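Down below is the structure, laid out as C-alpha coordinates.
Residue numbers (this note's numbering): 6 to 172.
Shown next as C-alpha coordinates:
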(Lines of atoms letter the chains of each structure in order from A; the text may use other names.)
(Lines give C-alpha, C1' and ligand atoms only; values in the text may rest on other atoms or scores of the structure.)
Protein backbone atom coordinates (compact mmCIF):
# COMPACT_ATOMS: atom_id res chain seq x y z
CA UNK A 6 0.00 0.00 0.00
CA UNK A 7 1.33 3.41 -0.93
CA UNK A 8 0.99 5.96 1.81
CA UNK A 9 0.95 9.51 0.53
CA UNK A 10 1.61 12.73 2.38
CA UNK A 11 0.79 16.07 0.85
CA UNK A 12 0.74 18.72 3.58
CA UNK A 13 4.26 18.06 4.87
CA UNK A 14 5.71 18.34 1.37
CA UNK A 15 4.07 21.60 0.36
CA UNK A 16 0.91 20.41 -1.36
CA UNK A 17 -2.68 21.40 -0.77
CA UNK A 18 -5.61 19.02 -0.71
CA UNK A 19 -5.00 17.96 -4.31
CA UNK A 20 -1.44 19.34 -4.49
CA UNK A 21 1.72 17.41 -5.36
CA UNK A 22 1.82 14.09 -3.58
CA UNK A 23 5.04 12.28 -2.77
CA UNK A 24 5.41 8.66 -1.62
CA UNK A 25 5.59 8.36 2.14
CA UNK A 26 8.46 7.24 4.30
CA UNK A 27 9.44 3.61 3.94
CA UNK A 28 8.25 3.29 0.36
CA UNK A 29 11.19 4.63 -1.63
CA UNK A 30 14.40 2.64 -1.75
CA UNK A 31 17.47 4.73 -1.01
CA UNK A 32 18.27 7.89 0.87
CA UNK A 33 15.88 10.76 1.54
CA UNK A 34 12.75 8.62 1.63
CA UNK A 35 9.46 10.47 1.72
CA UNK A 36 10.94 13.68 0.31
CA UNK A 37 10.57 15.45 -3.00
CA UNK A 38 14.16 14.54 -3.92
CA UNK A 39 13.43 10.88 -3.26
CA UNK A 40 10.35 11.02 -5.46
CA UNK A 41 12.29 12.67 -8.30
CA UNK A 42 14.99 10.00 -8.01
CA UNK A 43 12.32 7.27 -8.20
CA UNK A 44 10.74 8.91 -11.24
CA UNK A 45 14.14 9.18 -12.98
CA UNK A 46 14.71 5.45 -12.45
CA UNK A 47 11.62 4.68 -14.50
CA UNK A 48 8.94 5.35 -11.94
CA UNK A 49 6.22 3.25 -13.52
CA UNK A 50 3.72 1.96 -10.99
CA UNK A 51 4.58 1.94 -7.33
CA UNK A 52 8.10 2.58 -6.09
CA UNK A 53 9.98 -0.54 -5.05
CA UNK A 54 9.81 -1.38 -1.40
CA UNK A 55 13.05 -2.11 0.37
CA UNK A 56 13.29 -5.79 1.26
CA UNK A 57 13.67 -5.05 4.95
CA UNK A 58 11.36 -7.88 6.00
CA UNK A 59 13.43 -10.42 4.09
CA UNK A 60 16.65 -9.02 5.52
CA UNK A 61 15.22 -9.17 9.05
CA UNK A 62 14.23 -12.83 8.64
CA UNK A 63 17.76 -13.72 7.52
CA UNK A 64 19.27 -12.36 10.72
CA UNK A 65 20.29 -14.75 13.47
CA UNK A 66 19.98 -14.02 17.16
CA UNK A 67 23.19 -14.10 19.18
CA UNK A 68 23.04 -14.71 22.92
CA UNK A 69 25.09 -12.24 24.96
CA UNK A 70 27.04 -13.45 27.98
CA UNK A 71 28.66 -11.41 30.77
CA UNK A 72 32.38 -11.79 31.57
CA UNK A 73 33.58 -14.41 34.10
CA UNK A 74 33.65 -11.85 36.95
CA UNK A 75 29.84 -11.77 36.68
CA UNK A 76 29.53 -15.55 36.42
CA UNK A 77 29.13 -15.57 32.62
CA UNK A 78 25.41 -14.95 33.07
CA UNK A 79 23.23 -14.54 30.00
CA UNK A 80 22.50 -10.81 29.70
CA UNK A 81 20.43 -10.69 26.53
CA UNK A 82 20.42 -11.30 22.81
CA UNK A 83 21.00 -9.26 19.69
CA UNK A 84 20.16 -9.83 16.00
CA UNK A 85 22.77 -9.63 13.24
CA UNK A 86 23.19 -10.86 9.69
CA UNK A 87 26.92 -11.51 10.16
CA UNK A 88 28.93 -12.48 13.27
CA UNK A 89 31.42 -9.68 12.55
CA UNK A 90 28.63 -7.12 12.92
CA UNK A 91 28.08 -8.21 16.52
CA UNK A 92 31.66 -7.38 17.54
CA UNK A 93 31.96 -3.99 19.21
CA UNK A 94 28.29 -3.65 20.13
CA UNK A 95 27.67 -2.13 23.54
CA UNK A 96 25.01 -3.42 25.91
CA UNK A 97 23.54 -1.77 29.00
CA UNK A 98 22.21 -4.03 31.77
CA UNK A 99 21.10 -3.18 35.28
CA UNK A 100 22.87 -4.96 38.11
CA UNK A 101 19.46 -5.92 39.48
CA UNK A 102 18.71 -7.91 36.32
CA UNK A 103 22.15 -9.51 36.31
CA UNK A 104 22.06 -10.82 39.90
CA UNK A 105 18.24 -11.11 40.15
CA UNK A 106 18.11 -8.57 43.00
CA UNK A 107 15.67 -5.70 42.34
CA UNK A 108 17.19 -3.58 45.13
CA UNK A 109 20.30 -3.10 42.96
CA UNK A 110 18.46 -1.92 39.85
CA UNK A 111 19.88 1.62 40.22
CA UNK A 112 23.33 0.50 39.02
CA UNK A 113 23.76 0.24 35.23
CA UNK A 114 26.58 -1.92 33.83
CA UNK A 115 28.02 -1.48 30.34
CA UNK A 116 29.43 -4.39 28.35
CA UNK A 117 31.01 -4.59 24.89
CA UNK A 118 31.04 -7.68 22.67
CA UNK A 119 34.64 -8.84 22.16
CA UNK A 120 34.28 -12.42 20.89
CA UNK A 121 31.69 -14.44 18.97
CA UNK A 122 31.66 -18.23 19.12
CA UNK A 123 28.86 -19.78 17.07
CA UNK A 124 25.67 -18.09 18.22
CA UNK A 125 27.18 -17.00 21.54
CA UNK A 126 28.68 -13.55 21.97
CA UNK A 127 31.00 -12.91 24.91
CA UNK A 128 31.37 -9.45 26.39
CA UNK A 129 33.90 -7.45 28.36
CA UNK A 130 33.07 -5.04 31.18
CA UNK A 131 33.39 -1.44 29.96
CA UNK A 132 31.98 0.61 32.84
CA UNK A 133 29.08 1.34 35.12
CA UNK A 134 26.89 4.25 36.11
CA UNK A 135 24.48 5.05 38.91
CA UNK A 136 21.01 6.19 38.01
CA UNK A 137 20.50 9.90 38.63
CA UNK A 138 17.29 9.31 40.58
CA UNK A 139 19.25 7.21 43.08
CA UNK A 140 21.96 9.84 43.59
CA UNK A 141 19.32 12.55 43.94
CA UNK A 142 17.49 10.51 46.55
CA UNK A 143 20.66 10.24 48.65
CA UNK A 144 21.18 14.01 48.89
CA UNK A 145 19.13 15.51 51.71
CA UNK A 146 17.96 19.09 52.18
CA UNK A 147 20.60 21.64 53.11
CA UNK A 148 23.29 19.09 52.29
CA UNK A 149 25.99 19.39 49.67
CA UNK A 150 26.98 16.89 47.03
CA UNK A 151 30.63 17.02 46.04
CA UNK A 152 31.70 15.26 42.85
CA UNK A 153 35.30 14.72 41.77
CA UNK A 154 36.37 12.98 38.55
CA UNK A 155 39.79 11.31 38.32
CA UNK A 156 41.45 9.68 35.33
CA UNK A 157 43.91 6.97 36.39
CA UNK A 158 45.97 4.32 34.63
CA UNK A 159 45.87 0.73 35.90
CA UNK A 160 48.81 -1.68 36.08
CA UNK A 161 47.68 -3.45 32.92
CA UNK A 162 47.75 -0.17 30.97
CA UNK A 163 44.04 0.60 30.79
CA UNK A 164 42.91 4.13 31.45
CA UNK A 165 39.81 4.44 33.62
CA UNK A 166 37.81 7.34 34.93
CA UNK A 167 36.75 7.33 38.58
CA UNK A 168 33.96 9.57 39.79
CA UNK A 169 33.94 10.11 43.55
CA UNK A 170 30.71 11.38 45.07
CA UNK A 171 30.65 12.69 48.64
CA UNK A 172 27.26 13.31 50.23
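Glycine is no exception: its CB is placed at the ideal position from the N, C-alpha and C atoms.
The structure displayed is predicted, hence computed values, not measured ones.
Tell me which residues share the same chain as residue i and place their Cβ nearer than 8 Å to its Cβ, disregarding the 5 neighbours each side in the sequence.
i, result
"residue 86", "60, 63, 64, 65"
"residue 84", "61, 64, 65, 66, 67"
"residue 102", "80, 110"
Can you tell me which of the three DSSP states residue i falls into?
i, result
"residue 138", "helix"
"residue 32", "Because the pLDDT of residue 32 is 47, which lies under 50, any placement of that residue in the model is unreliable, and the question is left without a value."
"residue 44", "helix"
"residue 148", "coil"
Let me make sure I understand the geometry here. Which of the options has the alpha-carbon closest to that of residue i?
i, options, result
"residue 136", "148, 128, 100, 161", "100"
"residue 113", "148, 77, 131", "131"
"residue 155", "166, 89, 146", "166"
"residue 172", "149, 121, 160", "149"
"residue 115", "105, 128, 104", "128"
"residue 105", "124, 163, 74, 80", "80"
"residue 88", "125, 77, 58, 72", "125"
"residue 138", "110, 161, 38, 163", "110"
"residue 133", "73, 153, 77, 97", "97"
"residue 144", "153, 94, 92, 170", "170"
"residue 121", "140, 141, 90", "90"
"residue 117", "161, 71, 140", "71"
"residue 119", "142, 74, 93, 147", "93"
Tell me where the beta strand (DSSP E) around residue i begins and ends.
i, result
"residue 155", "151 to 158"
"residue 169", "164 to 171"
Can you list, in chain order, the residues of its chain with a C-beta nearer than 7 Å to that of residue i? Leave out the 5 residues immediately preceding and following it.
i, result
"residue 82", "66, 67, 68, 69"
"residue 157", "165, 167"
"residue 57", "none"
"residue 159", "165"
"residue 140", "170"
If I measure Cβ to Cβ from residue i and keep anything under 6 Å in the same chain, skipping five residues before and after, which residues do I get?
i, result
"residue 151", "171"
Shorter than 7 Å, the distance from the beta carbon of residue i to the closest heavy atom of the ligand MG, or not?
i, result
"residue 113", "The ligand MG is absent from the structure shown, which contains no ligands of any kind."
**Request:** Let me know the alpha helix (DSSP H) ranges lying completely inside the stretch 57 to 138, each 4 residues or longer, listed in chain order.
**Result:** Entirely contained in the stretch 57 to 138, the alpha helix (DSSP H) runs reaching 4 residues are, in chain order, 57 to 63, 88 to 91, 100 to 104.
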